[in-house]
Amino acid sequence: MSELVGKIKSKSLFDSKAKQFFSTISGLIILMIIFSVNNENFLTTANLLNVAVQTTPILLIAMGQTYVLITGGIDLSIGSNIALAGVTTAIFMKAGMPIPLAMLLGLAVTAGVGILNGVMIAYGKLPPFIVTLGTMTTVRGITLTMTQGIPISGLPEAFNNIGIAKSFGIPNPIFIMVIFAIIFGFILSKTRTGRYTYALGSNFEAARLSGVNAHKTLIKVYMFSGILAGVAGLVMAARIISAPPTAGMGYELDAVASSVIGGASTMGGEGAIFGTVVGAFIIGVLRNGLNLMGVSPFIQQIVIGVVIIAAVFFDKLRHSK
Amino acid sequence: MKKLLAMLLLGVLVISFAGCAKEAPESDVAAGGDGETYTMTLITMDSMDEHWLKVKNGAEAAAAELGNIKVVFDAPQTKVDATVQAQLVENAIVNKSDAILLAALDKEALKPVVEKAKEAGIPVILVDSGVSTENYDAFLSTDNAAAAELAADNLAELIGKTGKIAIINAQAGAGTTMTRENAFRDRIESQYPDIEIVGVQYSDGDKQKALNYATDYMTQYPDLVGIYACNEGSTVGVGNAVDQAGKSDSIHVVGFDFSADVKALIEKGAIKASMVQNPYVMGYEGIKAASTVVSGGQVSVRDIDTGVTVATLENLADIK
Amino acid sequence: MESYLVELKDIEKEFPGVKALDHVALTLKHGEVLGLLGENGAGKSTLMKILSGVYQKDGGTILVNNEEVSFETPKEAEARGISIIHQELNLCKHLTVAENIFLTRETTKFGFLDEKDINLKTQVILDSLNLDIKPTDLVSSLQVSKQQMVEICKALSIDAEIIIMDEPTSALTEKEIEELFGIIHQLKKRNKGIIYISHRLEELAHIVDRVTILRDGQYITTMDYDVTLLQEVIKHMVGRSIKDKFPRVESHIGDIIFEVEHVTTPTGVKDVSFRVRQGEIVAIAGLMGAGRTELVRAIFGADPISSGEVRIENQLIKIKSPRDAIKNGLYCVPEDRKKDGLSIKMTVNENMALPNLDFTTGRFMTDEKKEAMMTKEMVEKLNIRTPSIHQKVKNLSGGNQQKIVVGKWLVRDAKVIIFDEPTRGIDVAAKIEIYHLMNKLKEDGIAVIYVSSELPEVLGLSDRVLVMCNGRLKADLRTLDTNQEEILHFATQYDALEE
């Protein structure tokens, strides 16, 4: 019997998941082929590493956003959390705290913002859009107040290395990106928390009546988003050796775009980390490739907008078939 | 019932905040002594950029010196929102401010409200960026065109008047930074025929974006010799990009504005020169001019160039 | 030749991989109520969607008043006087009755909405049916039955000649159903043709003239109908005869396992106490709004309890959420399976595994092989008809969906299982399977609590009947000693003081 089960499983897995896999990644591959043909500098190791580093912050926050979108919510506070993590960590480091501790505190603060979002959404039954819109503005205000509007600079060398230095010839942010993508991909696809995330987005009430701890799961999901925004904030601060209170403005929408291009649904229930990785890289490759081709920055915005809508349109088409 | 409670709570909150906010300035004014007190509203492009904080500091210093002036500072929360800025000007008119100091985000969008203020008999002092009307009392600004030409000359000198360069601007459409781009471009094209401008990108003042754009330029043009950046955020992003690529020696960066980050990058050699405006002077002289106008006088020169200083490794210690 | 209002001939419709309708025919006369019968998946809804322009037919002809028509959109069908009232009502709850009836057909004066005019027109329609509804009432303030009347008024407002009603009584009480039947009689007198879809075969006898029966997308027969033909109709519907509709089993009734003491809830349950023994099926009867669902939701932890206690095997258990109930072997099959029971966008396997991940998950990782094995076993045990365990639940019939909701609990050791209206909106064959399942649980010594509005079902299946009215428990009756009249007597015993 288990053999039979195995057969059923692998067959249908191929049908649905493999199709999704190929359709998502084919867009990225086509894009890369177009750019390699058009520009000899695109397909070089240096440039590809570059694209990866440039995509790192967007991918980190997009993974958090993916979790949130799957539950049927949205997290608008991501951009502000990016600044909050950088600024908090910078202040503690400048106060002489050991760097790893300061970084953990920075992440703890953004995790806290995420938990707060989750509590208000789960227990307060407030709409996620409104709650995170509120924290987005509040957190930005707090960050500006903490810094009096002035970027915190002169960060320690060891911290900057996180964003700049290379290990084994590969820039550190890429390692960070890969590690977090593996961790959060694993949680989403292979743990109960991940399964509950999908269940909540598919039918909140049915999940709750099936014994899913809905509140706890929601809070966890928003906490993940807070932590990932924090990690992105630290990487960004380390890259520019400065923690500006204005960092990350508007990034939450890049995160939504990456998730959605990668197959997540704003209606909840759908999405995957692998798709989001591809989605973030489609945006990253697109920006880099268009820059290299010397396409006007104004035209670039048009192209990216069209790609977002086209991606969702084709996804819908594929689903309705 | 619950709603009522919430409203009540909100009311208490607002009142207590308003209380805190009021106390400090009032004691200030009292110290100002005899005669009439003037309230002057300073409206900048945003409340975050260090540049505007320096304008504010200058304005407050002048107010403290004069004694009978209270400065109210206001700005849109984030950049590029001329509508919000226009509302702030209207608020100042409604509140019967004695003078308005304005750094206009958009020279057309702010024109109607500036004229409205003048009609209401309120003196308008423009700082940093102008408005397309003749109806103002004084305009203190960096002559951005002149500064951009100076930047062009500096960069040309650094690269031996030949080679490829790129431009990282801030906002497309913002008057000041567009002038910096266009005047720079004109100067290069007319004076240095051997220099090629390969392109321009707009970072929105976001350091990450500027860093990414500069990196992409270096990838695309391995023979790039210079990058010109049009504001503080762009300058820092570009400086970091060049530094991280280890190309401080081969690529020369000339930027705009000054901050702790810019300073650090000049020290490292990643930025060769930055055009430093004098925002403090704008704020300081702006209040002085406003004070002259409200007490019935007239300013001798209406359009005042507050000048730029070229910050380099040599004179770094002297830059404020 | 007889003249028909509607005549469908050889209608064909194919969905990817499924022949939904295969040469189906149907006729409807003026002033007639035609019952359209068939199990879920027989093709009733598809046929009606074709007639009302929601779907397009792949073959066949549609004649309306002897004229061949073909509808591309519901709007075109409406223009031909065809109106459909769906099981899930299509009303905007935050608008008034009149605004709903004239939605998209608002009258305007100088470009402004003329509320007065539509209110007036609505009043005329309401009066013609003697309805106690005001045009300015918000739809959200009306009971479901009244909302249904609003839908009927909407149909009348466009001069519909043909009105299709899909399961109109599924959410109504006896009294409301009578009211609806009164209205349907009036519509008949006005010479309208009505197509009436229902699973409640007994109730059909009061209202329909003829029935057309479909099975597996095929036309079976059309016959004049009265209640004596019930068995024959069932035989046609399921393709076999069913001798014993309610197969009661006798089993050993054991010790008291479940006690509810003085439970009161914010949702309107007042001081309810009862006990259930092992191997006993206890039905909770009552009218809509009697507080039955509220009671079982509260004891399952879905809603809060303001006071009272729940004991399982003499152990007091604190139930703050469904998790607490589940931990103690108390499970619930909720009333509205699509809203509360299933994630219809997810697969059979994902739904089945959801509450059981604690069994299948290893230290960190979920084990999809184990889940699939568990699901496969349950699919076979409950005879759930699905092409694969990775099929999305929304593609299955109501009966099979219901079996999934039940099945996900049967994986676990159960002490008490609550079924809230488990047979609502599912076909006859699936109903019988659910009955057998409940009997099987009873034989295994599980306490079964069972909420139902179908009194024949309650009387045929349960050992005891608890009757509720207005949030209170009014009677605790031995099923064998009672009858419909007695149950209804208690179900309408409103407290004078409270009313």
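Residue numbers (our numbering), protein chains in the order written: chain D, 4 to 324; chain C, 33 to 352; chain B, 8 to 506. Positions of the beta carbon are idealized from the N, C-alpha and C atoms, including for glycine.
Determine, for SER26(D), whether the minimum Cβ-Cβ distance to residues of chain C falls below 7 Å.
So, not an interface residue.
Do PRO108(C) and VAL116(C) count as a contact pair if the criterion is CB distance below 7 Å?
A distance below 7 Å separates the beta carbons of VAL116(C) and PRO108(C).
C-alpha distance - ASN107(B) paired with GLN155(B), whole-angstrom precision:
If you draw a straight line from the Cα of ASN107(B) to the Cα of GLN155(B), it comes to about 12 Å.
Are the beta-carbon atoms belonging to ALA204(C) and TYR234(C) less than 7 Å from one another?
Cβ atoms of ALA204(C) and TYR234(C): closer than 7 Å.
When burial is assigned at 16 or more other CB atoms within 10 Å of the CB, is ALA62(C) buried or exposed?
Any reading at ALA62(C) is ruled out, since the residue's pLDDT is 38, under 50, leaving its predicted position unreliable.
Taking ASN175(D) as the query, report the chain C residues whose CB atoms sit under 9 Å from its CB, ordered along the chain.
Under the 9 Å cutoff, chain C gives no residues; its nearest Cβ is about 12 Å from ASN175(D).
Under a CB-based cut-off of 7 Å, is LEU256(C) close to chain D?
Contacts with chain D at 7 Å (Cβ-Cβ) do not include LEU256(C).
Nearest to PRO311(C) by alpha carbon, out of GLU346(C), LEU172(C), THR194(C) and ALA198(C)?
With distances taken between Cα atoms, PRO311(C) lies closest to LEU172(C).
Could you please give the first and the last residue of the uninterrupted alpha helix (DSSP H) stretch that includes SER164(B)?
If you look at SER164(B), you'll find it in the alpha helix (DSSP H) that goes 151 to 164.
Exposed or buried, which one is PHE187(D) when buried takes at least 16 other CB atoms within 10 Å?
Per the 10 Å Cβ criterion, buried.
Leaving out five residues before and five after ALA94(C) in sequence, what residues of the same chain have Cβ atoms less than 8 Å from its Cβ?
Around ALA94(C): ILE101, GLY315, TYR316, GLU317, GLY318, ILE319, LYS320 and SER323.
Is it true that the CB of VAL455(B) sits closer than 7 Å to the CB of ILE494(B)?
Remark: C-beta atoms of ILE494(B) and VAL455(B) do not approach each other more closely than 7 Å.
Beta-carbon of LEU295(D) versus every beta-carbon of chain C: anything under 7 Å?
Chain C, which has a Cβ nearer than 7 Å to the Cβ of LEU295(D), makes this yes.
Suppose the cutoff is 8 Å on Cβ atoms and the five residues either side in sequence are ignored; what does the same chain contact list for ILE507(B) look like?
This structure gives no information on residue 507(B), because the portion of chain B shown stretches from 8 to 506.
Under 8 Å Cβ to Cβ from ILE311(D), same chain only, skipping five residues before and after it: list those, please.
Around ILE311(D): ALA260, VAL263 and ILE264.
Counterpart residues of GLU19(B) in DSSP-defined beta bridges:
Looking at the DSSP assignment, GLU19(B) forms a beta bridge with GLY66(B).
Option nearest LYS128(C) by Cα separation, candidates THR76(C), ALA141(C) and VAL156(C):
When C-alpha distances from LYS128(C) are compared across THR76(C), ALA141(C) and VAL156(C), the shortest belongs to VAL156(C).
Just the C-alpha distance for VAL159(C) and PHE183(D), rounded to the nearest angstrom, thanks.
Rounded to the nearest angstrom, the gap between the Cα atoms of VAL159(C) and PHE183(D) is 47 Å.
Measuring CB to CB, does CYS476(B) end up less than 7 Å from GLN500(B)?
For CYS476(B) and GLN500(B), yes; Cβs fall inside 7 Å.
Cross-chain neighbours of LYS193(D) in chain B, by beta carbon under 8 Å:
Correct list: PHE371, MET372 and THR373.
On the DSSP letters alone, give me the boundaries of the beta strand (DSSP E) that ALA290(B) sits inside.
Here the beta strand (DSSP E) through ALA290(B) covers 288 to 292.
Skipping 5 residues on each side, what residues in its chain have a beta carbon closer than 7 Å to that of ALA27(B)?
Cβ neighbours of ALA27(B) within its own chain (closer than 7 Å, five residues either side excluded): LYS20, GLU21, GLY50, THR53 and GLY224.
So, does the CB of ALA292(C) fall closer than 7 Å to a CB anywhere in chain D?
So yes, ALA292(C) belongs to the interface.
Which residues in the same chain have their Cβ closer than 8 Å to the Cβ of CYS99(B), if we skip the five residues on either side of it in sequence?
Sequence-distant partners of CYS99(B) (beyond 5 residues in either direction) whose C-beta falls short of 8 Å from its own C-beta, in its chain, are GLU106, ASN107, LEU110 and VAL146.
Would you mind giving the Cβ-Cβ distance between LEU191(D) and GLY197(D), rounded to the nearest angstrom? I have them listed as a contact below 8 Å.
Contact between LEU191(D) and GLY197(D) holds: their C-beta atoms lie close to 4 Å from each other, under 8 Å.
Locate the beta strand (DSSP E) running through THR47(D), then write down its first and last residues.
It is not in any beta strand (DSSP E) - THR47(D) carries neither H nor E in the DSSP assignment.
Per DSSP, which residues does ASP335(C) bridge with? Please list them.
The partner list for ASP335(C) (beta bridge, DSSP) reads PHE171(C).
If you draw a straight line from the alpha carbon of ASN407(B) to that of THR393(B), how long is it in whole angstroms?
Per the coordinates, the alpha-carbon of ASN407(B) lies some 8 Å from the alpha-carbon of THR393(B).
Any beta carbon from chain C within less than 7 Å of GLY152(D)'s own beta carbon?
Closer than 7 Å to some Cβ of chain C, the Cβ of GLY152(D) qualifies, so yes.
With a CB to CB cut of under 7 Å and the five nearest residues on each side skipped, what residues in its chain are close to THR58(D)?
Closer than 7 Å at the Cβ level, and outside the excluded window around THR58(D), lie ALA283, PHE284 and GLY287.
Tell me which residues of the segment 59 to 82 of chain D have at least one Cβ-Cβ distance to chain C shorter than 8 Å, keeping chain order.
So the list reads PRO60, given in the order they occur along the chain.
Residues of chain D with CB closer than 8 Å to the CB of MET295(B), please, in chain order.
Here the premise fails: no neighbours, minimum Cβ distance about 20 Å.
Pick from ARG87(B), THR34(B) and ARG217(B): whose alpha carbon is nearest that of GLY60(B)?
Looking at the Cα atoms, ARG87(B) is the closest of the given residues.
Name, please, each residue of chain D whose Cβ falls closer than 7 Å to the Cβ of ALA305(B).
Residues of chain D with a Cβ closer than 7 Å to the Cβ of ALA305(B) do not exist, since the nearest Cβ in that chain sits about 13 Å away.
Can you tell me where the beta strand (DSSP E) with ASN127(C) in it begins and where it stops?
Note, ASN127(C): premise wrong, no beta strand (DSSP E); not H, not E.
In whole angstroms, what is the alpha-carbon distance linking LYS169(D) and MET239(D)?
Rounded to the nearest angstrom, the gap between the Cα atoms of LYS169(D) and MET239(D) is 15 Å.
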